[in-house]
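Quick note on the numbering used here: the sequence shown kicks off at -16 and runs consecutively.
Where a beta carbon is used, it is the ideal one built from N, C-alpha and C, also for glycine.
Quick caveat: nothing in here was measured; it's all calculated off a predicted structure.
Scroll down for the structure; my scribbles are underneath it.
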Amino acid sequence: MSDVVFSPSSWMKCSQEVEEIRQGFQEVTQDILFPTPERTEYQSAVDRTLCEGMLGLHPKWFNSIGNMVEKLNSDSSKMAATANNYQAAETSSEYVVRRYWSYK
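As structure tokens, this is what we get:
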């Protein structure tokens, strides 16, 4: 038997957890995704070469890492929408049961 529980609250809780993961991942990858302004002073030729080389990698990193941030955001919002739709369906079903099959 599975320990997975499907309910509006479990969907919303998981949505919030995915959102927290996305925020943490975005904070950690912020410097990789968005290049720093170009520097004019370097401590050495090696420092200059490394910094300029890193700027060229930003678009490639953004295409892979940036897409992960967007995917996590998409998943989180879809899970929240599922929770809301699930709750609306439950509420509607409870209303129908009370209205048509209530024996008071």
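### Query
Whose C-beta lies closer than 7 Å to the C-beta of T65 among residues of the same chain, with five residues either side of it excluded?
W(-6)
### Task
Starting from Q70, follow the alpha helix (DSSP H) in both directions and report where the run begins and ends.
50 to 83
### Integer Cβ distance of D58 from V1, believed to fall under 8 Å
6 Å
### Whole-angstrom C-beta distance between V52 and Q9, which should lie under 8 Å
5 Å
### Query
Would you say P42 faces chain C, with C-beta separation under 8 Å as the test?
Annotation note: the requested chain C is absent from the structure, which comprises a single protein chain.
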